[in-house]
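Before any comments, here is the structure.
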Amino acid sequence: MSLLASLRTPRGLITALLLLVLAVLPLLTQAFDQRYLLSIGTRIVIWSIAAISLNMILGYGGMVSFGHAVFFGIGGYAVGILSHHGVAGGFIQWPVAIVAATLWAALVGALSLRTRGLYFIMITLAFAQLVFYVGGGLEAYGADDGLNISRSRFPGLVDLRDKASFYWLCFALLCGTLWFCSRFANSRFGLVIRGAKSNELRMTALGFPVFRYRLAAFTLSGAFGGLSGILLANEGAYISPAMMSWVKSGDLIVIVVLGGMGTLFGPLYGTIAFFVLEESLKPLLDLVRKGWGEYWQIVFGPMLVLIALYARGGIDSLFGRRHG
Amino acid sequence: MDYLLLQVLNGVQLGLLMFLLAAGLTLTFGIMDLVNLAHGSLYMMGAYIAWMLIGWTDSFVLGALLALPATFLLGIVVEAIVMRRLYVRDHLEQVLATFGLILFFNELVRVIWGPAGKSIAVPAFLNRTVEILPGVPYPAYRFAIIVVGALVAILLAWLVARTRIGMLIRAGASNRRMIGALGVNIELLFTLVFGLGAVFAGLAGLMAAPITSVKIGMGDDILILAFVIIVIGGIGSIKGAFVAAMVVGQIDIVGRAFLPDFLKTFLSASAASSAAPAISQVLIYIVMAGVLVWRPTGLFGQRT
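Protein chains in written order, with numbering that gives the first Met the number 0: chain A, 0 to 323; chain B, 0 to 303.
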């Protein structure tokens with residue numbers, strides 16, 4: 000379907016409007032003097048990148064990784080540790096962080112893709128916990144309390160301390176990630192991954208080395224996860240083990256399922272819905288009775304149960320059936 | 000030498016607590032094919048309910064004994080409202096729904112009992128030491144945990160291996176639909192097994208409470224360890240869960256008791272004390288990774 004034709008479908012139109020709003024978000028927040036919204040917007044964009052990278056393996060590949068937040072941690076800690084030792088240049092920090100995340104993903108994937116089902120869920124969780132505890136044990140880098148860092152420097156190109164510039168950088172990277180993911184999903188490589196999700200035995204019988212394909216996808220996904228970690232560390236100028244706690248991994252799964260698994264824009268919808276729910280449930284509950292906003296998760300928890308039970312296709316399926 | 004013996008006993012005590020938690024998990028997974036992340040919430044609820052009942056009855060034993068049927072009831076209610084609908088779903092949906100339950104229970108506790116942690120005092124008659132060997136004192140309460148934990152483990156082994164219910168449980172684990180077709184009321188069996196798992200989790204929670212503390216999220220970290228245990232042992236295997244719980248208990252205690260002194264030989268004192276628990280946790284996960292690489296379905300798991 001051509002780009003123009005896709006604008007005539009509700010899905011295409013909504014997605015285009017959404018991307019347009021995201022593209023001009025700093026201008027909007029400035030016009031309405033809502034600085035806080037820009038910081039939420041930045042986090043939404045960063046989390047979307049992570050969710051898209053999880054969707055590559057979870058949505059397209061059916062690999063339920065319950066440890067994806069570990070890449071927040073690895074990307075973040077690589078940037079933070081380098082910056083702590085005076086290496087502030089982004090052109091050194093970022094490649095190091097991505098290589099670290101990629102290598103870790105390759106190692107974890109090589110070990111855990113040998114297992115199936117619950118074993119896979121749990122071994123990915125366990126490897127993430129391993130890194131989480133290592134982060135909490137690094138006395139030199141703040142242990143459990145974390146570490147304040149200075150943001151990566153790109154002299155002459157972009158100043159990450161400027162909120163709007165940083166947002167636009169994140170947004171550009173989100174667009175890049177979306178582009179990559181669409182290429183991935185429709186490539187021969189992506190088709191093998193999707194085929195192995197629906198029938199692994201058949202793909203093996205067709206002569207595809209499914210393990211190697213999955214390992215490659217898992218590694219790629221880790222690289223993009225590492226990118227989101229880099230951005231997250233720069234967003235708050237802070238790293239701590241909490242950014243890779245297992246609850247964050249759970250949140251990422253929630254986002255991918257909520258948005259629509261195995262769809263290009265699903266993770267983006269999911270992230271927006273997740274953050275909007277979080278930010279709006281609090282004031283809503285406070286309206287019902289003062290002080291209840293603090294307990295928003297008592298509503299959010301059962302909502303997850305209902306989503307798991309009744310919302311198979313996620314938000315993406317609300318916009319009608321997909322073509323191709 | 001005495002110090003070593005005490006630490007080994009501490010490891011056994013921790014291992015038995017985690018076995019209680021893991022036994023329920025491995026049963027629900029083996030029989031109902033259910034990934035229940037909210038099992039740790041039952042552990043937490045067990046501790047909170049016990050704290051409340053002990054306050055009301057003013058007796059540890061009475062409160063604890065009343066808390067067990069209460070957690071059984073809670074388990075049955077959770078099973079009837081949510082879990083029953085999840086048995087036929089895939090693992091991802093189970094993970095999602097039970098993750099939601101964790102958030103719900105953590106907030107529920109905050110609403111009912113407030114954000115501050117509670118503590119349960121060690122009952123007076125156990126607040127002393129026993130001599131396990133001449134001249135080697137050991138806290139009586141921890142010793143009581145070992146006794147109760149071992150008794151429950153034996154009871155469970157007897158229940159599964161020697162009774163009619165146990166026979167149905169084993170049959171259910173190997174082929175659910177077949178025993179349903181043979182006229183066994185599997186819905187009732189599932190509810191009972193889930194309730195049983197909830198009681199074990201609650202028992203572990205209330206027994207651990209005087210040693211640690213009763214707080215929100217107390218079940219989450221130990222739940223992950225319990226999952227590690229059933230994965231090492233082989234999902235669905237009670238024997239595997241027991242062996243793995245003992246191994247993990249020993250690794251954890253060795254890490255806490257002996258690593259700091261060892262690390263201090265080449266690290267500063269503060270670095271050693273913050274690195275040691277991390278290293279012992281990491282060791283547990285390395286053991287798990289090693290077992291899965293060697294045997295992808297755990298030590299006692301069924302080969303597929």
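Glycine included, every Cβ here is placed at the ideal spot set by N, Cα and C.
Item	Value
Contact set between the segment 65-92 of chain A and chain B, restricted to residues whose Cβ is under 8 Å from the partner	F65
Buried versus exposed call for S173 (chain B) [16 or more other C-beta atoms within 10 Å across all chains shown]	exposed
Within-9 Å CB hit, V34 (chain B) to chain A	yes
Pair within 9 Å by beta-carbon distance, A244 (chain B) and G232 (chain B)	yes
Inter-residue spacing [alpha-carbon to alpha-carbon] between D143 (chain A) and S239 (chain A)	7 Å
Under 9 Å between C-beta atoms of V86 (chain A) and Q92 (chain A)	yes
Contact check, F59 (chain B) vs I145 (chain B), beta carbons under 9 Å	no
Top-ranked residue by Cα proximity to F165 (chain A), from A:R150, A:G175 and A:W295	A:R150
Cβ contact (3+ pairs, closer than 8 Å) linking the segment 57-77 of chain A and the segment 235-255 of chain A	yes
Validate contact between the segment 305-317 of chain A and the segment 255-275 of chain A using beta carbons, cut 8 Å, 3 pairs	yes
Cβ neighbours of C169 (chain A) in the same chain (closer than 7 Å, five flanking residues each side left out)	T41, V44, I45 and L230
V76 (chain B): contacting residues in chain A (beta-carbon distance under 7 Å)	Neighbours of V76 (chain B) on chain A: none; closest Cβ ~14 Å, over 7 Å.
Collapsed DSSP secondary structure at G319 (chain A) in the structure displayed	coil
Contact with chain B by W103 (chain A), beta-carbon distance below 9 Å	no
Short Cβ contact (9 Å threshold) for V246 (chain A) with V94 (chain B)	no
When B:M166, B:S273, B:Q280 and B:S267 are compared against I250 (chain B), the one with the closest alpha-carbon	B:Q280
C-beta neighbour in chain A for N174 (chain B), strict 9 Å	no
Residue-level contact to chain B via CB, W178 (chain A), 9 Å cutoff	no
Chain C contact residues for S40 (chain B), given Cβ-Cβ distances below 7 Å	Absent from the structure is chain C; the protein chains it does hold are A and B.
Cβ of I297 (chain A) within 9 Å of any chain B Cβ	yes
Cβ shell of G89 (chain A) (< 7 Å), same chain only, five flanking positions each side left out	S151, R152 and F153
Bridge-paired residues (DSSP) for E130 (chain B)	B:P136
For V60 (chain B): DSSP bridge partner residues	DSSP lists no partner for V60 (chain B).
Contact under 9 Å by Cβ, T248 (chain B) with G23 (chain B)	Looking at the sequence itself, residue 248 (chain B) is Gly, so the reference to Thr does not match. Cβ distance not < 9 Å, so G248 (chain B) and G23 (chain B) don't count as in contact.
Contacts of W245 (chain A) in chain B (Cβ-Cβ under 7 Å)	I223
Beta-carbon proximity check, I75 (chain B) vs A197 (chain B), cutoff 9 Å	yes
Exposure of S197 (chain A), with buried meaning 16 or more beta-carbon neighbours within 10 Å	exposed
Sequence-distant residues of its chain with Cβ nearer than 6 Å to V7 (chain B) (five each side left out)	none
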